[in-house]
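Everything on this sheet refers to the single structure shown next.
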Amino acid sequence: MRAVYDTAMLLLLAIVVLSGCGPSRQSDSLGSKVKIGVMLADYGLGDQSFNDTAFLGLVKARDELDILFDYRDLVSSSSYRDGLIELIEDEKCTLVIGLGNNMIQDFTEVANLYPSRQFLFIDQRIEAPNVTSITFKEDEGSFLAGIVAGLKTETNTVGFIGGMDIPVINRFRDGFAAGVKTVNPDANVIVEYAGDFGTPAAGKEIAGRFIQERNTDIIYPAAGFTGLGAIEEAASKHIYAIGVDSDQFYLAENTVITSMVKNIDVAVYKAVKQLVEEGALSNDHIELGIADSGVGIAPVRVVPLSAEQSDLIQLYQDRLLNGTIDIRSQSARGGTIQREG
């Protein structure tokens with residue numbers, strides 16, 4: 291696996307960014323630049339998915355739009371609330387971005403404390419006049435991932451591991467199950483939640499039980515750091531996994547057959563670009579699906595696809611693009627999933 295190498299490179303990049311945009315380094319010329327602050331979700335950089343992807347969007351904005359940015363996480367700050375306030379009071383950020391459901395309460399409170407400041411929240415809609423919310427149609431991308439799993443499972447049992455039993459993760463679950471059942475009605479979809487997003491050992495343990503006790507041969511984790519443990523276990527047991535949020539093929543090149551790509555980097559970059567060009571964010575809620583290039587799947591690797599299977603995947607992707615299939619209705623009709631734990 292290249293996870294350690296990739297994580298180290300991201301952390302090095304973070305250090306470089308911070309050293310270049312911290313208050314002690316700013317000159318008068320830097321003082322006029324737009325500065326963005328981001329409060330990272332849960333366990334910060336190195337998750338190879340949610341946080342890292344958002345971070346890359348800010349790196350692109352820095353390089354192409356000439357902005358500055360800084361970040362906080364639960365390592366550098368004692369709480370989400372403290373980290374958010376530090377980005378406003380200490381770093382003087384023009385826009386403050388929040389990632390992930392666990393900080394919703396603190397984020398909403400801080401947004402209310404600073405009504406003249408602009409805020410952007412990713413993954414959940416927050417009702418406040420100074421907050422722009424971006425959510426994703428995770429069920430659409432997960433539906434295509436489920437199509438791949440339904441076509442390629444040999445045991446007719448696939449697994450889904452969620453970080454927590456919350457609406458955003460259940461969109462991953464429901465879309466995945468609907469996709470599996472669409473092309474393989476006889477397949478079993480088993481589901482378990484780890485209870486958090488930061489414990490690779492928990493993902494590894496759940497995946498191990500799926501494999502040993504249920505003969506699962508494809509596992510789809512939507513669980514941040516926890517999911518990395520599931521992918522590691524899949525690799526060690528020589529079964530397949532589906533990555534999440536970013537193309538995770540390089541974590542386990544003989545194991546990850548595709549990934550549900552959630553283009554958080556694109557969403558963050560576009561929001562910052564609008565701020566730089568127009569001086570404000572105009573929309574209170576933006577929802578991004580396949581038609582908006584918000585979600586999709588990475589190339590299918592490792593496992594061969596017949597021409598018929600490739601055509602079928604493309605068919606369902608086209609139906610999502612032109613709106614002739616309703617994933618949320620499809621999810622409701624998708625058949626029984628088996629809840630573990």
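Residue numbering for the sequence shown follows our numbering, beginning at 291 and increasing consecutively. Note that CB positions come from ideal geometry on N, CA and C, so glycine has one too.
Proximity below 9 Å, CB of residue i to CB of residue j
{"i": "G440", "j": "Y510", "result": "no"}
{"i": "V558", "j": "I387", "result": "yes"}
{"i": "I521", "j": "Y483", "result": "no"}
{"i": "A531", "j": "A524", "result": "yes"}
{"i": "V473", "j": "L602", "result": "yes"}
{"i": "K372", "j": "F487", "result": "Reading off the sequence, residue 372 comes out as Asp, not Lys. No, these two residues do not count as a Cβ contact at 9 Å."}
{"i": "V546", "j": "V585", "result": "no"}
{"i": "Y361", "j": "F397", "result": "no"}
{"i": "V479", "j": "K471", "result": "yes"}
{"i": "G493", "j": "F515", "result": "yes"}
Simplified DSSP assignment, three categories, for residue i
{"i": "V324", "result": "coil"}
{"i": "E482", "result": "strand"}
{"i": "T516", "result": "helix"}
{"i": "Y333", "result": "coil"}
{"i": "I496", "result": "helix"}
{"i": "T489", "result": "coil"}
{"i": "D464", "result": "helix"}
{"i": "P457", "result": "helix"}
{"i": "L364", "result": "coil"}
{"i": "I615", "result": "coil"}
{"i": "I357", "result": "coil"}
{"i": "Q628", "result": "strand"}
{"i": "T447", "result": "strand"}
Minimum C-alpha distance to residue i - residue among the options
{"i": "K350", "options": "Q599, A561, P457", "result": "A561"}
{"i": "Y333", "options": "K325, E381, N391, R352", "result": "N391"}
{"i": "K527", "options": "K471, D507, S339, I375", "result": "D507"}
{"i": "E568", "options": "L403, N505, L355", "result": "L355"}
{"i": "I587", "options": "I326, G465, N420", "result": "G465"}
{"i": "Q408", "options": "G431, N341, V324", "result": "V324"}
**Item:** Stretch-stretch touch, CB-based, cutoff 8 Å, three pairs: the region 409–421 with the region 440–451
**Value:** no
**Request:** Pick out the complete beta strand (DSSP E) segments inside the region 366–442, 3 residues or longer, and give them in chain order.
**Result:** If we require 3 residues or more, the beta strand (DSSP E) runs fully inside the region 366–442 come out as 385–389, 408–412, 421–426.
**Prompt:** Enumerated in chain order, which unbroken segments of the alpha helix (DSSP H) with a length of 4 residues or greater are wholly contained in the region 527–594?
**Reply:** 554–568
**Asked** Taking one C-beta from the region 418–434 and one from the region 572–582 each time, how about it: are there three or more such pairs within less than 8 Å?
**Response** yes
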